[in-house]
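A.B. asks: So that we are looking at the same thing, I have put the structure below in structure tokens.
Spelled out as structure tokens, the structure:
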């Protein structure tokens, strides 16, 4: 019976029911939408993290040239032995290779409990002296026995005996035997399986589950003058690679400009082909380290300038440093294994010491990335499992560079941080949903006061009313929750796209749906129920009195002022202690960014405290604006408005408070997103060096000099400057030490004009115009060289080229970092000084700035460059829109705009609902006033203006407060995320974007006011006296 009464009442009063249901819908929709958004975002974290990787794993074969020995260990007997029993140990070291192994050292150490039998050691049947000590593990360092040289095809046999000190079980694990040589210094254990050929190793790895491809890659550095064709010789050093066409097909940075890779031929870099004057079909000769030569027919010309995977260092000291060798030749993996590797082995065997630069051989592994789980933590477990299988696929003296696991390790922490970050960004929306539901509940409770009074007079008890309230709340929140769940999923799908949500696991989506719906029901349902219960617990007369006069707790206890004071103290303390600095992350170092997410409480507190304090001030101002009494009212509209507002100021203030919270949330998210996106653009410009970077290809039709910068000044391009730069292109020498360094030669006035350098660095670079002998050093380089400002430094320019020359410069300044150099710049000098010392200097690239800073202007400038200079020559054009710092945290590439769109849409829906509820409340609470005013001659137009004016006060007050509070919130959010970016992010206030929420609030106000006025105008006085 009670349920039927409640449902009938809800059906009979559709506007009242719709107002309450709308609040629940947007609240649950926001809860579920944010959770679905996080699920979709998390589902792409793995793919986003691994996308920049060129190579997932690299199994580096460190077996040195000449390391072809095989050591066999045999124990007799094997198994249990008693105390005093002797065990014989036989070691045979064989050289099945083609070159001799020199200074072969053999070590053999029995485990504790197996003691060496003095005098039992023999080499090839001849006793070894040395007394009671084990000659194969003598001294504190267990140095072992030097067997000298082992010629190809020869075997050395070593035997000795040990005695058991106590009963034990003997096996091979209790005796550790290793060997090393001059050619292979790393000790290798006995009884190892033979190391497979590189192509065999790649084939084994390719069969590992989870591996999509495994490709062999070999490379070796050759000395100057080792690459020639006919009578022409490349003067500088050269590099030879060994890989097949399948490897080149999987690496988009390897560009075949002419011809094709052929197993029987060779591919030349464009620089080498130009220096030798050869083309397809010509023969080149490569001088190998053993004095022999390799002749091959040129079948392809390549551009390798962008191939970091080929030229990145594999050495620990400068791992992944890009050191480009212009003169390079590529042969097949088979040719490299059969011709190049043996030549290095022979050179290592014949030399007086180990080769300084033996060949680097590796298998580059690509994982099946589609099989990786969307969750980075699960994907990390998968990649580590694959890594273990890759290493177990074959024995060898090597190690694994697990790039993908290193990246996923950072992504795991980034994903957790992103989820917490988005949760904090969604908290204001959740609180706003609760506030809106409570506000709607108050209006609903006011509308039901007369109904409840009638029911009480007819015998309804408090228990009956509470049961009816429970049924009403359940019905409203049930319908609203279902609608909100659908709205949240649809909104997340629109923002992220169906593909992103499809990648999320079903269990995650179901969990989010349950949690979001339950959370929304709890918050909005509790707000509706508690406001209704409070109304029931009051007597009718007392209820009206308390409703009008009794202030809420936050006003009586001045909680807003207390929160504002505590907030000021907390922000001051955070600024003073550097809490906003955080800790920057590094994918290269496997270190995730560290954000102090506890600081996100500050912007949420600003949102609440700022809005509440503003509401207090607005209420006080309206209350003091009491109009004076007059016997005649000449202008009834303004007079009625003043009396209505000052009589019930907090009705207006409460609605304005809700509106301000909505606008503040929208303004905060818009400000945060604009600042976040601007920071990403600034970081991309910093990494790229400028808006645009133009790099002439080695296959370009012409040589570009410093004076060719004007060729790139097309419409839309403001400034262009040439830059000379490459890794380890100079040697810096002080009076104390020297070291290879990365030098940049720039125009002192042009470079600061296009590059995003700070004012201090710009002044140092500009000073080079007046001090051409000056040299600016990074602080780290200056510390290594032990020099300061004013000290002399020798600079070897054009290192390892025929044009190399040494000049003397003095340190004119020190800098922290420079934009545009991904491998770092250690020194900067004036370009004119470089040209004077090395006239053959050509710029490595040109940096350009666009006339306007927007994306459209950038795209227009790039289009003109492609249609202009790049249409007739081979030029690579990189922009700030296509550049990403490979070492930067993936948190710097989050879809924050998507969350803003999601939260913003629901926030604006809340604003519309809030204004509608306020206007609807006017109709419910003041219909008697409107009837009396009509009876006294007040026109319908005046009533319409009265309703619209009160709604306008709400909208204007809420908009002003919301904008101020929202921008302040956005500034604090940006400060918390400072460690994500290379440069300190600035605060960007998108005034145009902020006009959207304000305009929508104004439209909602006008529409709601017109709707209410229309209802008032259509109803007869007798109908206005009804409860609805």
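In this note's numbering, the protein residues as written are 11 to 1038. Cβ coordinates follow ideal geometry from the N, Cα and C atoms, glycine included. All values derive from a computational prediction rather than experimental measurement.
1. So residue 376 is in the beta strand (DSSP E); what residue range does that whole segment cover?
2. What is the rounded straight-line gap between the Cα of residue 994 and the Cα of residue 771?
3. Have a look at residue 256 and residue 509 and give me their C-alpha separation to the nearest angstrom.
4. In whole angstroms, what separates the C-alpha of residue 418 from that of residue 348?
5. Would you say residue 393 and residue 411 are within 8 Å of each other, going by their C-beta atoms?
6. When DSSP builds the beta bridges, which residues end up paired with residue 170?
7. Indicate the three-state DSSP secondary structure (helix, strand or coil) for residue 126 in the structure shown.
8. What runs of the beta strand (DSSP E), each 3 residues or longer, lie entirely inside the segment 299-338?
9. Provide the residue span of the alpha helix (DSSP H) that contains residue 392, from first to last.
10. Three or more C-beta pairs closer than 8 Å, one from the segment 221-229 and one from the segment 337-348: is that the case here?
11. Considering only the alpha carbon of each residue, which of 581, 966 and 573 lies closest to residue 618?
12. Quick check: the Cα distance between residue 43 and residue 424, rounded to an integer number of angstroms?
13. What residues in its chain sit with their C-beta under 6 Å from that of residue 732, if we drop five residues either side in the sequence?
14. Ordered along the chain, which non-local residues of its own chain (more than five positions away) have a Cβ less than 6 Å from that of residue 549?
15. Go ahead and pull the three-state DSSP assignment for residue 883.
16. From what residue to what residue does the alpha helix (DSSP H) around residue 629 run?
17. Mind checking residue 553: buried by the 16 CB within 10 Å criterion, or exposed?
18. Distance check for residue 357 and residue 205, CA to CA, integer angstroms please.
19. To the nearest angstrom, report how far apart residue 721 and residue 882 are at their CA atoms.
20. Examine the Cβ distances between the segment 52-67 and the segment 78-88 and report whether three or more of them are shorter than 8 Å.
21. Buried or exposed: residue 144, going by 16 or more other Cβ atoms within 10 Å of its Cβ?
22. Could you check whether residue 341 and residue 310 sit closer than 8 Å to each other, using their CB atoms as the reference points?
23. So, with DSSP's three-state summary, where would you put residue 682?
24. Under the three-state reduction of DSSP, which class applies to residue 702: helix, strand or coil?
25. What first and last residue would you give for the beta strand (DSSP E) that runs through residue 804?
26. Sorted by chain position, which residues of the same chain lie with C-beta nearer than 8 Å to residue 113's C-beta, five sequence neighbours on each side aside?
27. Are the segment 861-869 and the segment 824-838 touching, with three or more C-beta to C-beta distances below 8 Å?
28. The alpha helix (DSSP H) that contains residue 195, what's its start and end?
29. Just list the residues that DSSP pairs residue 223 with in beta bridges.
30. Roughly how far, in whole angstroms, is the beta-carbon of residue 671 from the beta-carbon of residue 738, given that I think they are within contact range, below 8 Å?
31. From this set, 262, 320, 243 and 511, which residue's C-alpha is nearest residue 384's C-alpha?
32. For residue 1014 and residue 576, I'd like the C-alpha separation in whole angstroms.
33. So what does DSSP say about residue 63, is it helix, strand or coil?
34. Would you kindly report the start and end of the unbroken alpha helix (DSSP H) that includes residue 869?
35. Quick one: is residue 219 buried, meaning 16 or more other Cβ sit within 10 Å of its Cβ, or exposed?
36. Considering only the beta carbon of each residue, do residue 778 and residue 762 sit closer than 8 Å?
C.D. replies: Based on what the coordinates show:
1. 370-377
2. 16 Å
3. For residue 256 and residue 509, the distance between alpha carbons rounds to 31 Å.
4. Answer to the nearest angstrom: the Cα atoms are 38 Å apart.
5. Going by C-beta atoms, residue 393 is not nearer than 8 Å to residue 411.
6. 99
7. strand
8. 303-313
9. 386-402
10. yes
11. 573
12. 21 Å
13. 716, 719, 853 and 856
14. Confidence at residue 549 is low in this model, with a pLDDT of 49, below 50, so its placement is unreliable and the value that follows should be read with caution. Around residue 549: no qualifying Cβ.
15. coil
16. 611-634 is the extent of the alpha helix (DSSP H) around residue 629.
17. Summary for residue 553: the model assigns pLDDT 45, below 50, so the residue's position carries little reliability; its value from the coordinates is reported in the next sentence. Counting every other CB atom within 10 Å of its CB across the protein chains shown gives residue 553 a total of 16 or more, marking it as buried.
18. 21 Å
19. 12 Å
20. In short, these stretches do not touch, since the Cβ pair count stays below three.
21. buried
22. no
23. helix
24. strand
25. 802-807
26. 156, 158, 159, 191 and 192
27. no
28. For residue 195, no alpha helix (DSSP H) run applies, since DSSP gives it neither H nor E.
29. 376
30. That belief does not hold up - the Cβ atoms of residue 671 and residue 738 are roughly 58 Å apart, past 8 Å.
31. The candidate whose alpha carbon is nearest that of residue 384 is 511.
32. 36 Å
33. coil
34. 865-877
35. exposed
36. no
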